[in-house]
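Encoded as structure tokens, the structure appears first; notes follow it.
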Amino acid sequence: MLKKKYVKRIYIEEVASEKEIEEALKTLSSRVPQIAFFGGSFTGIDRSEMIRLLKGAYGFVKAGRVSSIRLSTRPDYVNDEILDILSEYGVRHIELGVQSASDAVLSASKRGHTAECAKKAAEDKTNVENEARDMSSA
387 MLKKKYVKRI YIEEVASEKE IEEALKTLSS RVPQIAFFGG SFTGIDRSEM IRLLKGAYGF
447 VKAGRVSSIR LSTRPDYVND EILDILSEYG VRHIELGVQS ASDAVLSASK RGHTAECAKK
507 AAEDKTNVEN EARDMSSA
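For the sequence shown, the numbering used here assigns the number 387 to the initial residue and increments by one for each residue that follows.
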């Protein structure tokens, strides 16, 4: 039987300071947690806000307070510039919201991207994740 664990989540609207992250970390067990930015379109938010949030989170990674940063986003919100930013701030896990590999299904559901776009984003994000793992293992 799986045990349910309570995980404190800080929503983007609530993040105002590193002090709040420190307080949230105090509520967790001794294991080293991750900082996650969910919602499905993190890389689509205002660029300066995205960088501000990543910079704050990366400080906790460098200090060893959290193991890594992960986020979720859309395939059409991934490009070389975004991947460079994510790499710079040590993002190790990128979850893509890919609902289908069929252009007909993606079009009918008005997803705003094609199967080829999703495939390229998946390949590119895998490269960034592998680089992050290689850097953390060195």
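Backbone N, C-alpha and C fix where the C-beta goes; we use that ideal spot for every residue, glycine too.
7 Å Cβ cutoff met for residue i and residue j
| i | j | result |
| --- | --- | --- |
| residue 453 | residue 420 | yes |
| residue 481 | residue 458 | yes |
| residue 483 | residue 444 | no |
| residue 426 | residue 463 | no |
| residue 489 | residue 501 | yes |
| residue 422 | residue 456 | yes |
Rounded distance between the beta-carbons of residue j and residue i, thought under 8 Å
| i | j | result |
| --- | --- | --- |
| residue 471 | residue 437 | 7 Å |
| residue 442 | residue 404 | 6 Å |
| residue 451 | residue 411 | 6 Å |
As assigned by DSSP and simplified to three states, the class of residue i
| i | result |
| --- | --- |
| residue 423 | strand |
| residue 482 | strand |
| residue 457 | strand |
| residue 399 | Low local confidence applies: a pLDDT of 47 at residue 399 is under 50, so the model's placement there is unreliable, and no value is given. |
Start-to-end residues for the alpha helix (DSSP H) that takes in residue i
| i | result |
| --- | --- |
| residue 433 | 433-448 |
| residue 473 | 466-474 |
| residue 411 | 404-412 |
Assigned exposure category for residue i - 16 Cβ within 10 Å defines buried
| i | result |
| --- | --- |
| residue 497 | buried |
| residue 478 | buried |
| residue 495 | exposed |
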